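**Q** This is the structure I want to talk about, given as structure tokens.
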Amino acid sequence: MTTHYLVLSALLFAIGGVGVLVRRNAIVVFMCVELMLNACNLAFVTFARQHGNLEGQIIAFFVMIVAAAEVVVGLAIIVTIFRTRRSASVDDANLLKY
Amino acid sequence: MIAMLAVPLLGAAVLVVFPGPARHPWYGAAVSGVTLVLALALAVRFDHTRAARPQFTVDVPWIPGLGLRFHLGIDGISLPLVVLTALLTFLCFVHLVRHRPEQGRIRALVIALLVLEVGMTGTFLALDLLLFFVFFEIVLVPMYFVIAVWGGAGRRAAAVKFILYTLLGSALLLLGLLLVWAHAGTLDMVRLAQAQGAGLSRAVQIIAFLAIGLGLAVKAPMWPLHTWLPAAHTEAPTVGSVLLAGVLLKMGTYGFARIAIPVLPEGAAALAPWLGAFAVAGIVYGSLACLAQRDLKRMIAYSSVGHMGFVLLGLATLTPVGMNAALFGNIAHGLITGLLFFVAGGIKERYGTTELPRLGTGMLARLPYLGSLLTFACVASLGLPGLAGFWGEMLALLGAFQPAAGLSRPLFLVFMAVGGVGTVLTAAYFLRMLSHLTHGRPPAGTIGGGSRGAALLDVSAYELAAWTPLVVLTVVLGLWPKALLSLTDPVVQAYLGTR
Amino acid sequence: MSTLTAAPITAPTIEYGELAPMLIIFGAAMIGVLVEAFTPRYLRKSIQMPITVLSMVGAFALTVWQGVRGVRSAAAMGAIAVDGPSLFIWGAILLLAIVSVLLINDDDHFVAEAAAVPGSAEEDQALSQGGAHTEIYPLVLFAVGGMMLFPAANDLLIMFVALEVMSLPLYLLCGLARRRRLLSQEAAMKYFLLGAFSSAFFLYGTALLYGFAGSVDLKAIATALSTVGGQDALLFIGAATLGVGLLFKIGAAPFQAWKPDVYQGSPTPITALMASGTLIAAFGALLRVFWVALGDLDAEWTPVLWGVAILTMVVGAVLAITQTDIKRMLAYSSIAHTGFLLTAVVATGKESQNANALSGILFYLLAYGFATVGAFAVVTMVRDPGGEAGHLSRWAGLGKRSPLLAGIFALFLLAFAGIPLTSGFFGKYAVFAAAVAGGAVQLVIVGVVTSAMAAFFYVRVIVLMFFSDPAPEGPTIAVPSMGTAAVVTLSAAATVVLGVFPQPVLDLAHTAAQSLFVR
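Chains as they are written, first to last, in the numbering used here: chain A, 1 to 98; chain B, 1001 to 1499; chain C, 2001 to 2519.
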């Protein structure tokens, strides 16, 4: 049954979403975002199976590549800020406020 | 026609680009003088037999994409206001030639006043709703600066209050205009007025009248939306107060007569009792507030609230008599209050204050000309028969005696009675002020705490030049009201569909 | 698995001619990367700058040419829509991008060596050697290419890719400010994390809609709305999460939190590019998704967007009043303007009504874009010893120090406030008129009230500049470079011209909007 995969994907997405909101380490937050992207991938592949067309599987490849690019950019940003502050906690990033 | 707008605008532009040497007030006087001549020329060439129809119209598409047309025209109700605007602006410049504000920056002031003139004239000339709104808004910015830069001690707060109120007001106005546009499909005031609200359902008319009415009522100002006015008047420099009272307030009541009532007759009929109630509340409130004032300029400001109450009451009756009264009252108030503020400004310059207790008594003895001008202006303002102020109030009350069909007569009779009490109160406060200020013996020694007491100058030549036309016109209109009424009446009749 | 052993693959057709504007930009971006790799450091800037500007001008010319030719089609197998709105948006983005690049070209906005820790010896060394990151130019080109692709994408996958192509370079660019680097890096991190979060939402929405319709093509989704039954949960959750991703990009409340932080922390030229280009692109995409794919679902999404529009206008206007930093204030004002624009997005109806709303939005976006680029250009010129003078109190009395600059800034502020005879007034009028005609009167009430509130704080800044006494050691006014001067002049001219004689542009927007979106 494809439903199980969809439920799993929804769960992964939710875990990722909650993680982004509650975790404090930028790297972990970022990993949670990646988890969300991969939850999407799972959903795409499942739906492709359900509909019997290839689109979803191809989209999954696109998403992987985009996610890879995102990792490059994201890690670059997080590493620079870590080098400056010696900390990757988003709580320490507090210069910009209302 | 276009020159009326182009001359001051070019004048301002030239001044922005070429700072030039001093003598800016002369320059301003010249520019506004040319405008005044143009306005007078228009008045002379105006075809009085066809006053109901817009004349000298200019109608070119400006932004067809938004349905905005550069549609100008002049008819019986806009002509007097246009002339009044040109006159008061010119007189303000004449006044400025000698009596410069302490803050300096005279060039900027001249520019601001010229832009202000463009906006004010344009508001009265516009025959397209959106164009009306555009000019209506243009007025705000220079006026704000005039108050904020050249005003008195509390100018910052006053200017903020002014801009907040009027911005919210124009926001509502814009909303009403959009409603009219969405349902009637046109922005042409002439066509809308001819349609007499056809095509607009009653509900839409009421909502639109409410929105437009509130927007205009802020400007008029109608009680209880008047609270920006005393602050703005008191803090504004003399020329600012004169234009504010003389012209800006008229834009609100003119809007009622020009847009709200003819375009949305059913909305007007439904809400007229409310308008009337707020109007008489304003009359009484204004008079009572005047009695309590200790500051001359503040007092005049509150008296404006009362006078505009009469104008609004006249409008609320929806009768030709009432509307004519309102339009007459507009002009009369512009002349008289303009004069009052000039005189008050003159007093402030001499005594350094406008607080009544510190002004002391015996102005007539000390400064006979100034004192008698003040007396004249006050007497005119309280509505002495034979002077311009009388007719506006009198006719408004008469209109309330016999309101339009469909309006509750007993209610308007109450309004009339209350309004009548208001006139008495008005008389009371002016006379009290006069008896205190002008009569009696001048105090020995210093006045107003200053040591300049002995060296007070009476009315200067420039002041005299600026003030005389107002005095003359007040008398002329008081003795010969028909001159004005014959202009406004045809338009009013056409708008109310009584002819 | 028999269904997946499909027919022989036929090569897709791609209309290179129609996509040429975008291809030029991406091509130039790649050449820019090669230039970084193969030319000596001292030559790079003098090569990159012309490549960037020329490619943009070329792309703009091609866009105009296509507009004249009347190209209206879905190119690349229906994946990219080259229709009226797309062409207008491309033109607007390219114009604003050219203007922003002139601003970016000023040397001292960007960090000398991004990898060097702020305040370290390496940084001093890089500064003294006059190091500069010329990678900025290709990055900007990629971002602009993404901005062009985003609103033109006719299927959700392309839209997602475009979103990332647009955003990733911007994340990096945000962190490259020369001064206040901590702030800048922080802005980059926030933007990146929140942006990635929102694109995950976008993607999940795409996945669900794909599950619903069996395709990510906008047209196919629109058809599926009427043919597929019993899958409402997928449809609604999908549309909602997709909407979250899009609303985040335009900065609508409650997803507006990134905007002030990012606008304040980024190098000001990049802020200008984001505030104008990204907003336009994201609005185009939002419109396309909601009007084309979910057009028949409007009974469901309009109430939500109503709420969002009201919240956005109120939040933008109210919070802007409390700001003390000029860039933050402009950010909140951008949020308020987003809300004004949303009023017209909601006002759908018959086709002519949609066309009116669309042309109003397009005009507004262009008018706002120019005013905003101009305003940020002025911000770059008011300097403290440590960088730009951000705090509003530093702007006191600017009118006395530099009347011309303050006057121009006042002009932009009046345009934001929507005072007549500036571009903002007609933009706002067009949008509100469309909303009233579309029956969204209550929204317009909120709109006019909040725009009056907003006008108040713009005027407050004007008063501060002209009527307050200048601070004793007030900021200096940088002598503008040719580029900055040109930007300010151009934007001011556009603001005035669009305010006095907007007809040609309105016509253009109207023609562009007539065809609506290609389906």
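Here a beta-carbon is modelled for each residue, glycine too, at the ideal position from N, C-alpha and C. As the structure is a computational prediction, the values presented were derived from the model and not from experiment.
(1) Identify the continuous beta strand (DSSP E) that holds residue 1062 (chain B) and give its terminal residues.
(2) Hey, residue 2110 (chain C) and residue 2267 (chain C) are a contact pair by Cβ (cut 8 angstroms); roughly how many whole angstroms apart?
(3) Would DSSP call residue 1135 (chain B) helix, strand or coil?
(4) Quick one: what's got a C-beta closer than 6 angstroms to residue 1032 (chain B)'s C-beta in the same chain, skipping five residues either side?
(5) Against chain C, with Cβ distances strictly below 8 angstroms, would residue 1115 (chain B) count as a contact?
(6) In the DSSP output, which residue or residues are listed as bridge partners for residue 1047 (chain B)?
(7) Can you check whether the C-beta of residue 2186 (chain C) is within less than 8 angstroms of a C-beta belonging to chain A?
(8) In chain order, what residues of the segment 2083 to 2115 of chain C put their CB closer than 9 angstroms to some CB of chain A?
(9) Is the beta carbon of residue 1225 (chain B) closer than 8 angstroms to that of residue 1217 (chain B)?
(10) Indicate whether residue 2308 (chain C) and residue 1178 (chain B) have their beta-carbon atoms separated by less than 8 angstroms.
(11) Suppose you measure from the CA of residue 1277 (chain B) to the CA of residue 2313 (chain C); what does that come to, to the nearest Å?
(12) Do residue 2207 (chain C) and residue 61 (chain A) count as a contact pair if the criterion is CB distance below 8 angstroms?
(13) Ends of the beta strand (DSSP E) at residue 1070 (chain B)?
(14) Can you list, in chain order, the residues of its chain with a C-beta nearer than 7 angstroms to that of residue 1484 (chain B)? Leave out the 5 residues immediately preceding and following it.
(15) Cutting at 6 angstroms between CB atoms, please list the residues of its own chain near residue 1992 (chain C), excluding the five before and the five after it.
(16) Can the beta-carbon of residue 1039 (chain B) be found closer than 8 angstroms to that of residue 1083 (chain B)?
(17) Look up residue 1333 (chain B) in the DSSP assignment and give the residues it is bridged to.
(18) Rounding to the nearest angstrom, what Cα-Cα distance links residue 84 (chain A) and residue 2117 (chain C) in this structure?
(19) Sorry if obvious, but does the Cβ on residue 34 (chain A) come closer than 7 angstroms to a heavy atom of the ligand SAH?
(20) If you run the structure through DSSP and keep just helix, strand and coil, what is residue 1097 (chain B)?
(21) Note down, in chain order, every chain C residue with its Cβ under 7 angstroms from the Cβ of residue 1181 (chain B).
(22) What's the call for residue 1415 (chain B), buried or exposed, on a 16-neighbour Cβ count within 10 Å?
(23) Excluding the five sequence neighbours on either side, which residues of its own chain have a C-beta within less than 7 angstroms of the C-beta of residue 1148 (chain B), listed in chain order?
(24) Smallest Cα separation from residue 74 (chain A): which of A:52, A:54, A:58, A:28?
(25) How close, in whole Å, do the beta carbons of residue 2459 (chain C) and residue 1163 (chain B) come, if the pair is a contact with beta carbons under 8 angstroms?
(26) Our contact map puts residue 1286 (chain B) next to residue 1314 (chain B) with C-beta atoms below 8 angstroms; I'd like the distance itself, whole angstroms only.
(27) Can you confirm whether the segment 2230 to 2237 of chain C touches the segment 2126 to 2144 of chain C when touching is taken to mean that 3 or more C-beta pairs between the two stretches lie within less than 8 angstroms?
(28) Let me know the secondary structure DSSP gives residue 2110 (chain C) once reduced to three states.
(29) With a floor of 4 residues, list each alpha helix (DSSP H) that falls wholly inside the segment 2295 to 2349 of chain C, ordered by position along the chain.
(30) According to the Cβ coordinates, are residue 2380 (chain C) and residue 2499 (chain C) closer than 8 angstroms?
(31) Just tell me which of C:2306, C:2305, C:2337, C:2304 has its CA closest to the CA of residue 2320 (chain C).
(32) Alpha carbon to alpha carbon, what distance is there between residue 1124 (chain B) and residue 1054 (chain B)?
(33) Would you check if there are 3 or more beta carbon pairs closer than 8 angstroms linking the segment 2251 to 2262 of chain C to the segment 2069 to 2087 of chain C?
(34) Could you name the residues of the same chain whose beta carbon sits closer than 7 angstroms to that of residue 1377 (chain B), not counting the 5 residues immediately before and after it, in chain order?
(35) Let me confirm a value: residue 2048 (chain C) is counted as buried when at least 16 other C-beta atoms fall within 10 Å, else exposed. Which label applies?
(36) Answer with yes or no whether the minimum CB distance from residue 1235 (chain B) to chain C is below 8 angstroms.
**A** Judging by the given coordinates:
(1) Within the second sequence, the letter at position 62 stands for residue 1062 (chain B). Residue 1062 (chain B) -> beta strand (DSSP E) spans 1055 to 1063.
(2) The sequence position of residue 2110 (chain C) within the third sequence is 110, counting from 1. The sequence position of residue 2267 (chain C) within the third sequence is 267, counting from 1. Confirmed, Cβ separation roughly 6 angstroms.
(3) By 1-based counting over the second sequence, the position of residue 1135 (chain B) is 135. Of the three classes helix, strand and coil, the one that applies to residue 1135 (chain B) here is helix, per DSSP.
(4) Reading the second sequence from its first residue, position 32 is the one you call residue 1032 (chain B). So the list reads 1089, 1090, 1093, once near-sequence residues are dropped.
(5) Taking the second sequence and counting its residues from 1, the one referred to as residue 1115 (chain B) is at position 115. No - not a single Cβ of chain C is within 8 angstroms of the one on residue 1115 (chain B).
(6) Here residue 1047 (chain B) refers to the residue found at position 47 of the second sequence. DSSP, once it has assigned bridges, lists no residue as partnering residue 1047 (chain B).
(7) One-based indexing of the third sequence puts residue 2186 (chain C) at position 186. Closer than 8 angstroms to some Cβ of chain A, the Cβ of residue 2186 (chain C) qualifies, so yes.
(8) 2114, 2115
(9) As a first step, residue 1217 (chain B) must be located in the second sequence, where it is residue number 217. As a first step, residue 1225 (chain B) must be located in the second sequence, where it is residue number 225. Yes, the pair counts as a contact, with Cβ atoms nearer than the cut-off.
(10) Stepping through the third sequence from its first residue, residue 2308 (chain C) is reached at position 308. Stepping through the second sequence from its first residue, residue 1178 (chain B) is reached at position 178. The answer is no: Cβ separation not under 8 angstroms.
(11) Within the second sequence, numbered from 1, the residue matching residue 1277 (chain B) stands at position 277. Within the third sequence, numbered from 1, the residue matching residue 2313 (chain C) stands at position 313. Each residue's alpha carbon lies about 35 angstroms from the other.
(12) Looking up residue 61 (chain A) in the first sequence gives position 61. Looking up residue 2207 (chain C) in the third sequence gives position 207. Not a contact, by the Cβ cut-off of 8 angstroms.
(13) Numbered from 1 along the second sequence, position 70 holds the residue referred to as residue 1070 (chain B). Segment 1068 to 1074, the beta strand (DSSP E) holding residue 1070 (chain B).
(14) Taking the first residue of the second sequence as position 1, residue 1484 (chain B) is located at position 484. 1080, 1328, 1331, 1477, listed in sequence order.
(15) The first residue shown for chain C is 2001 and the last is 2519, placing residue 1992 (chain C) beyond what the model contains.
(16) Translated into positions along the second sequence, residue 1039 (chain B) becomes position 39. Translated into positions along the second sequence, residue 1083 (chain B) becomes position 83. Yes, the pair counts as a contact, with Cβ atoms nearer than the cut-off.
(17) As a working mapping, residue 1333 (chain B) is identified with position 333 in the second sequence. In DSSP, residue 1333 (chain B) forms no bridge with anything.
(18) Looking up residue 84 (chain A) in the first sequence gives position 84. Looking up residue 2117 (chain C) in the third sequence gives position 117. About 5 angstroms.
(19) No copy of the ligand SAH occurs in the structure displayed, which carries no ligand at all.
(20) As a first step, residue 1097 (chain B) is located in the second sequence; it is residue number 97 there, counting from the start. Correct three-state label for residue 1097 (chain B): helix.
(21) Start at 1 with the first residue of the second sequence, and residue 1181 (chain B) comes out as number 181. What residue 1181 (chain B) touches in chain C: 2433.
(22) If you number the second sequence from 1, residue 1415 (chain B) lands on position 415. Residue 1415 (chain B) is buried by the Cβ-count criterion.
(23) Residue 1148 (chain B) sits at position 148 when you count from the first residue of the second sequence. Counting only Cβ-Cβ distances below 7 angstroms, and skipping sequence neighbours, we find 1155, 1156, 1159.
(24) As a working mapping, residue 74 (chain A) is identified with position 74 in the first sequence. For the residues A:52, A:54, A:58, A:28, the minimum Cα distance to residue 74 (chain A) belongs to A:28.
(25) By 1-based counting over the third sequence, the position of residue 2459 (chain C) is 459. By 1-based counting over the second sequence, the position of residue 1163 (chain B) is 163. So it is a contact: roughly 6 angstroms between Cβ atoms.
(26) The sequence position of residue 1286 (chain B) within the second sequence is 286, counting from 1. The sequence position of residue 1314 (chain B) within the second sequence is 314, counting from 1. Not confirmed; about 15 angstroms, so no contact.
(27) no
(28) The sequence position of residue 2110 (chain C) within the third sequence is 110, counting from 1. Looking at residue 2110 (chain C) - three-state DSSP - the assignment turns out to be strand.
(29) 2298 to 2321, 2326 to 2346
(30) In the third sequence, residue 2380 (chain C) corresponds to position 380, counting from 1. In the third sequence, residue 2499 (chain C) corresponds to position 499, counting from 1. No, they are not a contact pair.
(31) Residue 2320 (chain C) sits at position 320 when you count from the first residue of the third sequence. Per the Cα distances, C:2337.
(32) Mapped onto the second sequence, residue 1054 (chain B) falls at position 54. Mapped onto the second sequence, residue 1124 (chain B) falls at position 124. Looking at the two C-alpha atoms, the distance is approximately 12 angstroms.
(33) no
(34) Residue mapping note: residue 1377 (chain B) aligns to position 377 of the second sequence, counting from 1. Only 1336, 1339, 1340, 1343 meet the Cβ criterion.
(35) As a first step, residue 2048 (chain C) is located in the third sequence; it is residue number 48 there, counting from the start. Residue 2048 (chain C) comes out buried.
(36) Residue numbering aside, residue 1235 (chain B) sits at position 235 when the second sequence is read from its first letter. No, residue 1235 (chain B) does not count as interfacial toward chain C.
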